[in-house]
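**Student:**
Chains as they are written, first to last, in the UniProt record's numbering: chain A, 1 to 225; chain B, 1 to 225.
(1) Would you list, in chain order, the members of the region 177–203 of chain A that have their beta-carbon closer than 7 Å to a beta-carbon of chain B?
(2) From residue 3 (chain B) to residue 164 (chain B), what does the alpha carbon distance come to, in whole angstroms?
(3) Can you list the alpha helix (DSSP H) stretches of 4 or more residues lying completely in the region 157–187 of chain A, in chain order?
(4) How would you label residue 116 (chain B), buried or exposed, when you count the other beta carbons within 10 angstroms and need 16 or more for buried?
(5) Quick one: does residue 59 (chain A) have its CB under 7 Å from some CB of chain B?
(6) If distances are taken between C-alpha atoms only, which option among A:171, A:32, A:17 and A:40 comes closest to residue 87 (chain A)?
(7) Can you tell me where the alpha helix (DSSP H) holding residue 125 (chain A) begins and where it ends?
(8) Tell me the DSSP secondary structure of residue 32 (chain A) in three-state form.
(9) Do you know how far the Cα of residue 138 (chain B) is from the Cα of residue 10 (chain B)?
(10) Where residue 144 (chain B) and residue 119 (chain B) are concerned, what is the direct C-alpha to C-alpha distance, given to the nearest angstrom?
(11) Classify residue 198 (chain A) as buried or exposed, calling it buried when 16 or more other Cβ atoms lie within 10 Å of its own Cβ.
(12) Between A:184, A:85, A:128 and A:146, which has its C-alpha nearest residue 98 (chain A)'s C-alpha?
(13) Measuring alpha carbon to alpha carbon, tell me which of B:206, B:67, B:58 and B:35 ends up nearest residue 85 (chain B).
(14) Taking the straight line between their C-alpha atoms, what separation do you get for residue 213 (chain B) and residue 96 (chain B)?
(15) Please report whether the beta-carbon of residue 16 (chain B) lies at a distance below 7 Å from any beta-carbon of chain A.
(16) Using CA coordinates, which residue listed in B:1, B:48 and B:57 is at the minimum distance from residue 156 (chain B)?
(17) Output, in chain order, the set of chain B residues within a Cβ distance shorter than 7 Å of residue 208 (chain A).
(18) Would you decide whether residue 206 (chain B) is buried or exposed? Buried here means 16 or more other CB atoms lie within 10 Å of its CB.
(19) Could you give the distance in angstroms between the alpha-carbon of residue 227 (chain A) and the alpha-carbon of residue 79 (chain A)?
(20) Less than 7 Å between CB atoms is the rule here; does residue 51 (chain A) satisfy it with respect to chain B?
(21) Residue 15 (chain A) lies in the beta strand (DSSP E); which residues open and close that run?
(22) Please tell me whether residue 70 (chain B) and residue 48 (chain B) are closer than 7 Å, where the distance is taken between their beta carbons.
(23) Smallest Cα separation from residue 219 (chain A): which of A:209, A:7, A:105 and A:136?
(24) Could you check where the beta strand (DSSP E) with residue 88 (chain B) kicks off and where it finishes?
(25) For residue 188 (chain B), collect the residues of the same chain with a Cβ closer than 6 Å to its Cβ; drop the 5 residues on either side in sequence, then sort them by chain order.
(26) Would you mind reading off the limits of the alpha helix (DSSP H) that contains residue 63 (chain B)?
(27) Note down, in chain order, every chain B residue with its Cβ under 8 Å from the Cβ of residue 152 (chain A).
(28) Relative to the C-alpha of residue 211 (chain A), which residue among A:217, A:225 and A:182 is closest?
(29) Of the choices B:161, B:40 and B:208, whose alpha-carbon is the least far from that of residue 25 (chain B)?
(30) List, in order along the chain, the chain A residues whose C-beta lies closer than 8 Å to that of residue 158 (chain B)?
(31) For residue 154 (chain A), which three-state DSSP category applies?
(32) So for residue 5 (chain A), helix, strand or coil by DSSP?
(33) Buried or exposed, going by whether 16 or more other CB atoms sit within 10 Å of the CB of residue 178 (chain A)?
(34) Roughly how many whole angstroms lie between the Cα atoms of residue 168 (chain B) and residue 160 (chain B)?
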């Protein structure tokens with residue numbers, strides 16, 4: 001008996017064409033007016049450090065954490081943190097983002113039968129909340145759990161259990177829909193949540209546990225749930 | 001009854017001062033003779049894609065994978081792959097690397113009592129093998145397991161089980177020593193391996209399972225094992 005449906009955000013509900021890193025880097029550089037060579041070197045090192053922190057400690061590096069690391073490396077004080085944080089958010093919001101086909105219909109349909117949750121890894125959760133509003137789907141969610149707000153990322157079980165508690169649902173009565181074999185499918189399966197993999201046609205990594213169900217578009221959920 | 005001791009490589013056995021990314025980027029750019037702006041943009045995007053592949057699929061991105069992604073993005077054919085792979089390895093080997101204090105004594109002592117293994121996440125395993133020779137510690141290891149050679153990274157249980165099979169040791173008769181709470185401690189604990197955390201004084205992340213033992217230097221292993 002299913003009681004709650006949880007979704008991933010990036011790629012699963014919202015599609016992106018570009019990579020955002022260069023845009024953000026150039027906007028930061030323009031704002032701080034640091035020489036290109038010095039700035040780029042420090043920015044790249046900071047991005048590497050942020051990845052290593054995420055990897056070694058499974059801890060989210062928020063946009064503010066990233067900005068503070070960068071300013072420290074550039075030997076600039078903390079004064080521009082708020083401005084850069086705004087620029088960081090704007091850089092993401094200016095990307096070419098689209099709601100995935102069928103997302104709204106599926107959410108609207110599922111909401112009449114189940115509790116609906118969102119679990120997203122993000123360095124700037126505020127932006128996810130703004131995008132949910134922009135695409136007019138925020139009202140469908142009973143619970144929104146963002147890694148930079150609670151500090152822990154998928155695939156760690158904690159973030160799934162936290163979301164389940166907020167939906168008052170045990171893992172065996174929940175399904176999770178996502179596009180990442182590792183973060184979403186493995187993360188959900190580790191907690192005993194039924195894992196639905198939204199495939200884009202790639203071969204499924206043979207070393208990871210298989211999802212319970214594979215779909216190739218959100219509309220398939222209308223028949224299945 | 002302990003039968004095997006397994007070690008992480010980077011930071012645990014070998015210390016690094018610099019970050020290697022800028023060096024590698026500049027050497028690639030010099031070799032390919034692409035305009036700085038175009039090259040840097042493509043390189044940064046490739047680094048982002050590589051991180052996302054590692055994250056989404058828990059699959060290692062090898063040095064050759066990275067180089068091929070980069071050349072595709074630059075719209076250059078595969079001809080320079082071998083040269084760039086050599087430059088990639090040289091860039092790592094030219095870093096300021098040192099064997100951690102006590103490493104040799106500890107390995108020499110443990111070898112008289114236990115089987116010794118190495119499990120390392122690395123995009124270019126050949127370099128780890130060369131460094132083990134440079135530091136004259138290769139001969140202490142009965143088994144060396146590198147993520148780019150088997151395709152799967154820590155903290156996935158597969159890589160730990162693979163190493164244990166090669167040492168003919170069940171998990172409950174093994175210890176793993178590493179400096180990453182997520183990759184090493186969580187990875188080992190998930191498999192039922194006794195996890196020793198080599199701390200550099202940071203606070204232990206409260207959301208991860210605690211190690212079985214915390215040490216602040218390799219020499220502590222002489223008293224404990």
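Every residue, glycine too, gets a C-beta built ideally from N, C-alpha and C.
**Tutor:** According to the structure shown:
(1) 180, 181, 182 and 183
(2) Counting from 1 along the second chain, the entry for residue 3 (chain B) is found at position 3. Counting from 1 along the second chain, the entry for residue 164 (chain B) is found at position 164. So the two alpha carbons sit approximately 10 Å from each other.
(3) Here the runs fully enclosed are 157–166.
(4) Within the second chain, the letter at position 116 stands for residue 116 (chain B). So residue 116 (chain B) ends up on the buried side.
(5) As a first step, residue 59 (chain A) must be located in the first chain, where it is residue number 59. Closer than 7 Å to some Cβ of chain B, the Cβ of residue 59 (chain A) qualifies, so yes.
(6) As a working note, residue 87 (chain A) is residue 87 in the first chain. Comparing Cα positions, the closest option is A:32.
(7) By one-based count along the first chain, residue 125 (chain A) stands at place 125. Counting along the chain, the alpha helix (DSSP H) containing residue 125 (chain A) begins and ends at 125–134.
(8) Taking the first chain and counting its residues from 1, one reaches residue 32 (chain A) at position 32. Correct three-state label for residue 32 (chain A): helix.
(9) Counted from its first residue, the second chain places residue 10 (chain B) at position 10. Counted from its first residue, the second chain places residue 138 (chain B) at position 138. C-alpha separation (whole angstroms): 15 Å.
(10) For the purposes of this step, residue 144 (chain B) is taken as residue 144 along the second chain, with counting starting at 1. For the purposes of this step, residue 119 (chain B) is taken as residue 119 along the second chain, with counting starting at 1. Rounded to whole angstroms, residue 144 (chain B) to residue 119 (chain B) spans 6 Å at the Cα level.
(11) As a first step, residue 198 (chain A) must be located in the first chain, where it is residue number 198. Flag for residue 198 (chain A) reads buried.
(12) Position 98 of the first chain, counted from the start, is the residue given in the question as residue 98 (chain A). Here the closest residue by C-alpha is A:128.
(13) Position 85 of the second chain, counted from the first residue, corresponds to residue 85 (chain B). By alpha-carbon distance to residue 85 (chain B), the top candidate from B:206, B:67, B:58 and B:35 is B:67.
(14) The residue you call residue 213 (chain B) lines up with position 213 of the second chain. The residue you call residue 96 (chain B) lines up with position 96 of the second chain. Going by C-alpha positions, residue 213 (chain B) is about 30 Å away from residue 96 (chain B).
(15) Numbered from its first residue, the second chain carries residue 16 (chain B) at position 16. For residue 16 (chain B), the answer is no, since every Cβ of chain A falls outside 7 Å of its Cβ.
(16) Indexing the second chain from 1 puts residue 156 (chain B) at position 156. Of the candidates B:1, B:48 and B:57, the one whose C-alpha sits nearest the C-alpha of residue 156 (chain B) is B:57.
(17) On the first chain, residue 208 (chain A) is found 208 positions in, with the first residue counted as 1. Those are 58, listed as they occur along chain B.
(18) Sequence index remark: in the second chain, residue 206 (chain B) carries index 206 (1-based). By the neighbour-count criterion, in which 16 or more other beta carbons inside 10 Å mark a residue as buried, residue 206 (chain B) falls on the exposed side.
(19) This structure cannot settle anything about residue 227 (chain A), because the visible part of chain A is limited to 1 through 225.
(20) Position 51 of the first chain, counted from the start, is the residue given in the question as residue 51 (chain A). For residue 51 (chain A), the closest Cβ of chain B is nearer than 7 Å.
(21) Translated into the one-based positions of the first chain, residue 15 (chain A) becomes position 15. Looking at the DSSP string, the run of the beta strand (DSSP E) that includes residue 15 (chain A) is 14–16.
(22) Against the second chain, residue 70 (chain B) aligns to sequence position 70. Against the second chain, residue 48 (chain B) aligns to sequence position 48. Their beta carbons are not under 7 Å apart, which means residue 70 (chain B) does not touch residue 48 (chain B) by this criterion.
(23) Start at 1 with the first residue of the first chain, and residue 219 (chain A) comes out as number 219. Ranking the options by Cα distance to residue 219 (chain A), first place goes to A:105.
(24) The residue given as residue 88 (chain B) occupies position 88 in the second chain. Note, residue 88 (chain B): premise wrong, no beta strand (DSSP E); alpha helix (DSSP H) at 81–93.
(25) Within the second chain, residue 188 (chain B) is the residue found at index 188, counting from 1. Contacts found: 176 and 195.
(26) By 1-based counting over the second chain, the position of residue 63 (chain B) is 63. Counting along the chain, the alpha helix (DSSP H) containing residue 63 (chain B) begins and ends at 63–73.
(27) Here residue 152 (chain A) refers to the residue found at position 152 of the first chain. By Cβ distance, chain B contributes 207.
(28) For the purposes of this step, residue 211 (chain A) is taken as the residue at position 211 of the first chain. Of A:217, A:225 and A:182, the residue nearest in Cα terms is A:182.
(29) Numbered from 1 along the second chain, position 25 holds the residue referred to as residue 25 (chain B). The shortest Cα separation from residue 25 (chain B) among B:161, B:40 and B:208 belongs to B:40.
(30) Translated into positions along the second chain, residue 158 (chain B) becomes position 158. The answer, in chain order, is 207.
(31) Numbered from its first residue, the first chain carries residue 154 (chain A) at position 154. DSSP, reduced to helix, strand and coil, places residue 154 (chain A) outside both helices and strands of the structure shown, so it counts as coil.
(32) Numbered from 1 along the first chain, position 5 holds the residue referred to as residue 5 (chain A). Strand.
(33) As a first step, residue 178 (chain A) must be located in the first chain, where it is residue number 178. With 16 or more other Cβ atoms within 10 Å, it is buried.
(34) In the second chain, the residue the question calls residue 168 (chain B) occupies position 168. In the second chain, the residue the question calls residue 160 (chain B) occupies position 160. Each residue's Cα considered, the two are about 12 Å apart.
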